[in-house]
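Data block below; observations after.
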Amino acid sequence: MASPAGHGQRADELSIELFTADDQPLVRLRYTNEAGGGFRWIPDRFVVRLRPQSDVIAEDRLELRLPPGWRVLPLTEPTAWLVFPAGLPEFPVHLQLVTRGQDRRCPLLTRDLPVDFCGRNRFDPHRDRLPWANRIDDLGEVEPDPVHFRKTFRFALGSQRFFRGLYREVVGLRRLPDGRIQGGLCTGLSRTALARALGWLGREVSLREVVLVLHGRQLSDRALLAGLPWFLLPSPRRAYHAFVRDLLTYGWSDRCFDLNVPRPWRRDVLQALLGQGHTVVPYAFCQRDAERAQVWVYDPNLPDRAAETVVTIDLVRDCYEYPPLAVDGRRTTIVAVPLAPYVHGRTAILASIASPFLQAPRRLLGVVVVSVFGLALFAFRHWNRKR
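Each number in the working numbering corresponds to the 1-based position in the sequence shown with 13 added.
See below:
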């Protein structure tokens, strides 16, 4: 790009240079928080300089164009500005020098500044992990207990049949005669650890009992209905944004990620719903471009490897990767239901209706019945809210 007439120096010989307030070179910005706190820009101000300083263009004819909401002050030194970032980050941040009176669509100079958008939840996997991993060697064998069942649900249709049927299939960890391990308590372990980290548990509670209760409440009406929109409109990208939005709004999030949940249009969706799914606690994230983000999770299967268990979200293709599980991010999705439906879900009407049908060979019919009934109930509640 040629410089304006009357000046011998070319515009492409000029450059935009960035420095911190204490005059150190600035390579990238960070928009981040302390665990459980508000987000802020680091650094919260920086200096933009046009180099070399010259009389190519009079300073009063130059304008520094910034993202919306950012503020700028001219400095006493020629062709230098003090910039105050604000609002949510862009990827990357575009800084443009434009010349007043010229075509603003053709800036004189452009500089892209990389941004790290990173945040942490209140949950700390080293501090808040439970004393057990999701293994029979840690937890021992777990079988349904009527006392825990009554603490889990106040009301269910055909309670005894439900207790012996679907509830027993879900709440259990046992070694089969052939040596294989059946069952697991990942939902209860993840949600109990998160609830304790957020201060939602009383001091005089039995953690093991809370694990069993919250694990059983994945069958509650509230939990099933809260998860239904995530299942019908699958989107790992939306789950990521929900987690980030919580941190931006409150400084903490009470969401868990249910991974490996089948997408509804799969041919084997009904079988997959019964045979797969895994719950983890997202506790930190980092996004460095508009295409992908990483979310660090506490996985009760691998509680000592929280620094390595990372869910990668493809924000463009709306899929994800989680290497510890054999998942295909295009065939499965992430469900990001908060804790509240599990803490307050005390009825199991939908699941208890399904329980008799979930005994072979009528398993398929049962899932269809529950799905249709759940959709009808969800539609009714949604219509009632709009009235």
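Even for Gly, the Cβ is constructed at its ideal location relative to N, Cα and C.
Check, Outcome
"Just the Cα atoms here: how many angstroms apart are L179 and T200?", "16 Å"
"Let me confirm a value: Y263 is counted as buried when at least 16 other C-beta atoms fall within 10 Å, else exposed. Which label applies?", "exposed"
"Whole beta strand (DSSP E) runs in the region 129-189 with 3 or more residues, listed along the chain?", "186-188"
"Would you identify the three-state DSSP class for L225, choosing helix, strand or coil?", "helix"
"Could you compute how far the alpha carbon of P81 sits from the alpha carbon of N46?", "21 Å"
"Short of 8 Å in beta carbon distance, which residues of its chain neighbour I55, apart from the five on each side in sequence? Order them along the chain.", "L42, R43, Y44 and T45"
"Below 8 Å, can you find three or more Cβ-Cβ pairs linking the region 317-329 to the region 160-179?", "no"
"Look at the alpha carbon of I366 and the alpha carbon of D150, and state the distance between them as a whole number of angstroms.", "34 Å"
"For the alpha helix (DSSP H) containing L241, name the first residue and the last one.", "D234 to L245"
"Count the other CB atoms within 10 Å of the CB of L88; is the residue buried (16 or more) or exposed (fewer)?", "exposed"
"Would you mind giving the Cβ-Cβ distance between T165 and G229, rounded to the nearest angstrom? I have them listed as a contact below 8 Å.", "4 Å"
"Looking only at DSSP bridge pairs, what is W94 linked to?", "V61 and P87"
"From R135 to W213, what does the alpha carbon distance come to, in whole angstroms?", "12 Å"
"State the DSSP-derived secondary structure class of D259, mapped to helix, strand or coil.", "helix"
"Does E26 come out as helix, strand or coil in the three-state DSSP assignment?", "helix"
"Q231 by DSSP, collapsed to three states: which one?", "helix"
"The beta strand (DSSP E) spanning L108 covers which residue range?", "V106 to T112"
"In whole angstroms, what separates the C-alpha of F370 from that of I362?", "14 Å"
"Among E76, S28 and Q173, whose alpha-carbon lies nearest the alpha-carbon of R64?", "S28"
"Can you give me the Cβ contacts of N147 inside the same chain, cut-off strictly under 7 Å, excluding the 5 residues immediately before and after it?", "G197, L198, C199, L202, P313 and N314"
"In its own chain, which residues sit with a C-beta less than 8 Å from the C-beta of L352, not counting the 5 before and 5 after it?", "R204, L207, A208, L211, W213, D267, R268 and C269"
"Of the residues V226, D125, E334 and R359, which one's Cα is nearest the Cα of V310?", "E334"
"Return the first residue and the last residue of the alpha helix (DSSP H) that L101 is part of.", "First-last for L101: undefined, no H or E at that position."
"Taking the alpha-carbon positions, what's the P275 to R344 distance?", "6 Å"
"Assuming A48 and R133 make a contact with CB atoms under 8 Å, what is their CB distance in whole Å?", "4 Å"
"Would you mind listing the alpha helix (DSSP H) stretches within the region 284-361 that are 4+ residues and don't spill past its ends, in chain order?", "353-357"
"Starting from D191, follow its DSSP beta bridges and name the residues at the other end.", "In the DSSP output, where bridge partners are listed per residue, D191 has none listed."
"Return the first residue and the last residue of the beta strand (DSSP E) that L202 is part of.", "First-last for L202: C199 to A210, but that is the alpha helix (DSSP H), not the beta strand (DSSP E)."
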